[in-house]
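Structure first, then comments.
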Amino acid sequence: MVDNIWSEFAWSYDAICSQLNCYRRMVDKILRDTQGLAYVIDAGCGTGLVSEALVARGSTVVGFDNNPGMLAVALRKQAQSSEEARARWTVLEGDVRVFPSRAVGGADAVVLNNVLFYVREPEAVLRESLAHLKPGGRLISAGPRRRPDLRKVMEQSIEEWKAEGRWDEALQKATAYHVDLTRRLVSDPNEMVTFFEPEALVAELRRLGCTRVLAADHDDYYGENYYVCMER
Numbered sequence: 338m339v340d341n342i343w344s345e346f347a348w349s350y351d352a353i354c355s356q357l358n359c360y361r362r363m364v365d366k367i368l369r370d371t372q373g374l375a376y377v378i379d380a381g382c383g384t385g386l387v388s389e390a391l392v393a394r395g396s397t398v399v400g401f402d403n404n405p406g407m408l409a410v411a412l413r414k415q416a417q418s419s420e421e422a423r424a425r426w427t428v429l430e431g432d433v434r435v436f437p438s439r440a441v442g443g444a445d446a447v448v449l450n451n452v453l454f455y456v457r458e459p460e461a462v463l464r465e466s467l468a469h470l471k472p473g474g475r476l477i478s479a480g481p482r483r484r485p486d487l488r489k490v491m492e493q494s495i496e497e498w499k500a501e502g503r504w505d506e507a508l509q510k511a512t513a514y515h516v517d518l519t520r521r522l523v524s525d526p527n528e529m530v531t532f533f534e535p536e537a538l539v540a541e542l543r544r545l546g547c548t549r550v551l552a553a554d555h556d557d558y559y560g561e562n563y564y565v566c567m568e569r
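So in this note's numbering, spot 121 of the sequence shown is number 458, and the numbers just go up one at a time.
Below, the structure written as structure tokens:
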């Protein structure tokens, strides 16, 4: 996928996901399962939507991503945040297979939000994530159960927006543009390669040493996505 498409997708993703109720509900789960946790690694942080929410809630967050377009949006958000927030929010370039050195271990939680479906070696990413958790720390992963049904997600989102009186001309134009970009990514077999059912991911994490399931469901994105939170 050429870089300019990813750059366009980055700002479009950020604009639309921040409006999607299904995305907000997923972020609420992450906030629920990191409540009171001081240090969180947001691995594959994208445009910083989850990192920003964690920082606003009071956590210290190290986020990193290897996509220049997504990372540029996250860096801009971090730079524009308050001085107090910037002190607790680090944004880095880095790969989820080998975390950057500044993402130090001993984290209370590692978040892999919409990350694993981009990697061909999910076990390597899970092992690296677990290695950066302190004992009892939490690994949170959310992502597609299968190749996403974009039409289903957007149709149901639009119905919610209409019911809330938010389906205005600006949102309609932004959605149409985002759907076009997303369709090109979703249809590319090289961009989305790994999917999980929650039960399968729980079994894999147990095999790798996680001990307790705190959450495991497939409610997000109107049934398209799984959500798993387990303790190391």
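All C-beta atoms, glycine included, are put in the ideal place defined by N, C-alpha and C.
C-alpha distance - residue i paired with residue j, whole-angstrom precision
i: Lys471; j: Lys510; result: 45 Å
i: Gln493; j: Lys499; result: 10 Å
i: Val339; j: Arg549; result: The pLDDT assigned to Val339 is 44, lower than 50, so where the model puts this residue is not dependable; a value taken from the coordinates is nonetheless given after this. Whole-angstrom Cα-Cα distance: 41 Å.
i: Gly502; j: Asn404; result: 34 Å
i: Ser419; j: Pro535; result: 37 Å
i: Glu541; j: Leu463; result: 9 Å
i: Phe401; j: Ala507; result: 30 Å
i: Gly395; j: Tyr514; result: 34 Å
i: Ser388; j: Cys382; result: 7 Å
i: Val452; j: Pro485; result: 14 Å
i: Cys566; j: Val539; result: 9 Å
i: Gly442; j: Glu496; result: 43 Å
i: Gly373; j: Val364; result: 15 Å
i: Glu568; j: Arg543; result: 10 Å
i: Tyr564; j: Thr397; result: 22 Å
i: Asp351; j: Arg362; result: 16 Å
i: Val473; j: Pro459; result: Before going further, note that residue 473 is Gly rather than Val in the sequence given. Answer to the nearest angstrom: the Cα atoms are 21 Å apart.
i: Val377; j: Glu421; result: 17 Å
i: Phe533; j: Gly431; result: 24 Å
i: Leu551; j: Lys366; result: 11 Å
i: Leu408; j: Gln417; result: 14 Å
i: Ser349; j: Gly560; result: 23 Å
Residue i and residue j closer than 8 Å at C-beta
i: Arg475; j: Asp505; result: no
i: Glu465; j: Val490; result: no
i: Arg439; j: Val399; result: yes
i: Gly385; j: Ser344; result: no
i: Arg457; j: Val516; result: no
i: Asp556; j: Ile477; result: no
i: Phe570; j: Pro437; result: This structure gives no information on residue 570, because the portion of the chain shown stretches from 338 to 569.
i: Tyr558; j: Cys354; result: no
i: Arg425; j: Gln415; result: no
As assigned by DSSP and simplified to three states, the class of residue i
i: Met338; result: With a pLDDT of only 42 at Met338, under the threshold of 50, the placement of this residue in the model should not be trusted, and no figure is reported.
i: Met567; result: strand
i: Leu538; result: helix
i: Leu368; result: helix
i: Asp517; result: helix
i: Val530; result: coil
i: Leu357; result: coil
i: Ala375; result: coil
i: Gly551; result: According to the sequence provided, residue 551 is Leu. The question's Gly does not apply to it. In this structure, Leu551 counts as strand in the three-state DSSP scheme.
i: Asp557; result: helix
Cβ separation of residue i and residue j, assumed to be a contact under 8 Å, to the nearest whole Å
i: Glu562; j: Ala479; result: Note on identity: in this sequence residue 562 is Asn, with Glu being the wrong assignment. Indeed, because the Cβ distance is near 6 Å, the residues count as touching under 8 Å.
i: Ala461; j: Val410; result: At roughly 26 Å, the Cβ-Cβ gap does not stay under 8 Å, so Ala461 and Val410 are not in contact.
i: Ala380; j: Val448; result: 7 Å
i: Leu412; j: Val428; result: 5 Å
i: Leu487; j: Thr519; result: 6 Å
i: Leu357; j: Ala390; result: Not confirmed; about 14 Å, so no contact.
Check your understanding: Where in the region 378-432 do unbroken runs of the alpha helix (DSSP H), each at least 4 residues long, occur, reported from the N-terminal end onward?
Key -> 386-394, 405-417, 420-423
Review point. Residue ranges of each beta strand (DSSP E) run of no fewer than 3 residues wholly in the region 426-502, ordered along the chain?
Key: 426-430, 444-450, 470-481
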